[in-house]
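Below is one structure, written out as structure tokens; comments come after it.
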Amino acid sequence: MDQVWEPRNYDKRNHGQVPLWQALAQSYNVSTARLGLELGVKPVLETAKRLGVEEQLKPFAATFLGAAELPPIQVAQMYQTIAAGGFRVPLRAIREVLTTEGRPLKRYAIDVQQVASSQSVHLLTRAMQLAVEEGTAKSMRSTLPTSLHIAGKTGTTDGLRDSWFAGFSGDYVAVVWVGNDKNEPTGLTGATGALPIWSKIMAQLGPKPVPQTQPPGVVYLATHRDVGAKVGRSCKDAVELPFVEGSEPEMEVSCNGTQTASSKAKKWWQRITR
Amino acid sequence: MKVIQPVILCALLGMTSGCASFSSDAEGIDSGMDTSEAADVGYSASLVSDNSAVQTLYDQAMNYAYAGDNDQAEAALERGLRIEPNNAYLWFELARLSAGYGNVNKARELASRAQSLAGGDRYLQGHIQSFLNSL
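Chains as they are written, first to last, in our numbering: chain A, 1 to 274; chain B, 275 to 409.
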């Protein structure tokens, strides 16, 4: 009998249509799978490669949810590219080789290549900051101050076999994997296994905050956290989100999420003047 | 010529007295700057960073570059970047060094990185844009 791939969310619940940033912050598998299928396997794998993944990822939809084996150093390379605003700098363990007198014999210079737009990376970074502020990584705040604006992502595989956390501050990128060498379940999620270790390591390094600079071509807008439409800044369900200029939501809602009269009128006018 | 005089004077003074952060409204500091001037503009260490270790490394790098030792100049700038990875001036100097020994692609990428980090520093942004236009 043919088997159907049917991903489920960790909490086994269906959350319906959710804004993209929430799908990332809350690590919703179903939203991720749907997004990946809409974009196509090939573009997603090509993006992973551009960010720094060298392993040949299998061209299946399950790869969107991490059904792939990657050494932590390649995950670190991906996150370095994101942390550097879309500029990939190959990781180096050896910077230079010196003689016994300290004279340089061979140096491995910094190499850099822009592989993703600063606007896209800014949006992704903000979503990962929201994962830390209010998503699956929010327990980090017991160890690291929110003023660091850390960005990161938890990862948990089926059967709780692998626990991941990857993220960055203004000056460090770190990846933690926790697992059993016999591939047996650990009973740990990304948030309960890798994340506390990551947080303690980072706390000892005395990290700098992630810079809050906004690249050209990005605008910030207050949007309703559930509906994704424009909303007044003072509404309790408002969240400030970045948008690539020209892609901002046009619809406006009131604080309770219903479309405003002016927004309805604008939509009606646009319909009859097309 | 009149427009770039304040810039050259500041660069000469920078080695001794240090140059205070140049006003972002300095005349002529825009992408229309002569490309050879973009390659020659020098910065004082105190403009590049507030961190004394980075200032020292920057000065070392400039001395090595002046002496023709590009490899050691790059090494000093990279050590500076390990302290301040988001320092646009250090990235820009790496770009200029790369252009100096003919690696145009690398120079372009390094300058783009500097540009992404320079933010609202119009003074530096102008130099970087002129430099990119010249490649």
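Beta carbons are placed, not taken as given, at the ideal position from N, Cα and C, and that holds for glycine.
For leucine 384 of chain B, at least one C-beta of chain A is nearer than 7 Å to its own C-beta.
The distance from the Cβ of glutamate 383 of chain B to that of glutamine 80 of chain A is about 15 Å, inconsistent with a contact at the 8 Å cut-off.
For glycine 85 of chain A, at least one C-beta of chain B is nearer than 7 Å to its own C-beta.
Within a 10 Å sphere around the beta-carbon of isoleucine 82 of chain A sit 16 or more other beta-carbons, which makes this residue buried. Between glutamine 346 of chain B and glycine 376 of chain B, the alpha-carbon positions lie close to 17 Å from each other. Within the stretch 347-395 of chain B, the runs of alpha helix (DSSP H) that reach at least 4 residues and sit entirely inside it are, in chain order, 362-374 and 378-392. In the three-state DSSP reduction, aspartate 345 of chain B falls in the helix class (H, G or I).
In the three-state DSSP reduction, tyrosine 79 of chain A falls in the helix class (H, G or I). At a cut-off of 7 Å, the C-beta of valine 218 of chain A has no neighbouring C-beta in chain B. Put simply, of A:Ile197, A:Arg141, A:Glu69 and A:Ala48 the residue whose alpha carbon is nearest the alpha carbon of asparagine 183 of chain A is A:Glu69. Within the same chain, Leu351 come within 6 Å of glutamate 367 of chain B by CB-CB distance, once the 5 residues on both sides are set aside. The three-state secondary structure of glutamate 184 of chain A, taken from DSSP, is coil. Contact note: threonine 213 of chain A reaches chain B through Gly393, using a C-beta cutoff of 7 Å and chain order. C-alpha of valine 322 of chain B to C-alpha of glycine 66 of chain A: approximately 42 Å in a straight line. Taken through DSSP and simplified to helix, strand or coil, valine 219 of chain A comes out as strand.
The stretch 175-194 of chain A and the stretch 226-233 of chain A do not touch, with fewer than three beta-carbon pairs separated by less than 8 Å. With respect to the 7 Å criterion, leucine 45 of chain A and leucine 57 of chain A are classified as neighbours on the basis of their beta carbons. Alanine 203 of chain A and leucine 144 of chain A have their alpha carbons spaced roughly 6 Å apart. Any Cβ of chain B closer than 7 Å to the Cβ of isoleucine 110 of chain A would place that residue at the interface, and such an atom is present. The beta carbon of glycine 85 of chain A is closer than 6 Å to those of Ser118 and Val121 in its chain, skipping five residues each way along the sequence. Residues of chain A whose Cβ lies closer than 8 Å to the Cβ of leucine 368 of chain B are, in chain order, Ile110. For alanine 349 of chain B, the chain A residues whose C-beta falls within less than 9 Å of its own C-beta are Arg95, Glu96, Pro104, Arg107 and Ala109, listed in chain order. Apart from sequence neighbours up to five positions away, the residues of its chain that approach aspartate 111 of chain A with a beta-carbon distance below 6 Å are Pro90, ordered along the chain. If you look at arginine 107 of chain A, you'll find it isn't in any alpha helix (DSSP H); it sits in the beta strand (DSSP E) that goes 104-107.
Where lysine 42 of chain A is concerned, the enclosing alpha helix (DSSP H) starts and stops at 41-51. Contact annotation, alanine 127 of chain A with alanine 25 of chain A: C-beta distance approximately 6 Å; criterion of less than 8 Å satisfied.
Closer than 7 Å to the CB of serine 118 of chain A there is at least one CB belonging to chain B. Residue-level contact by beta carbon holds for serine 390 of chain B and chain A, with a gap shorter than 7 Å. The beta carbon of arginine 387 of chain B falls within 7 Å of a beta carbon belonging to chain A, placing the residue at that interface.
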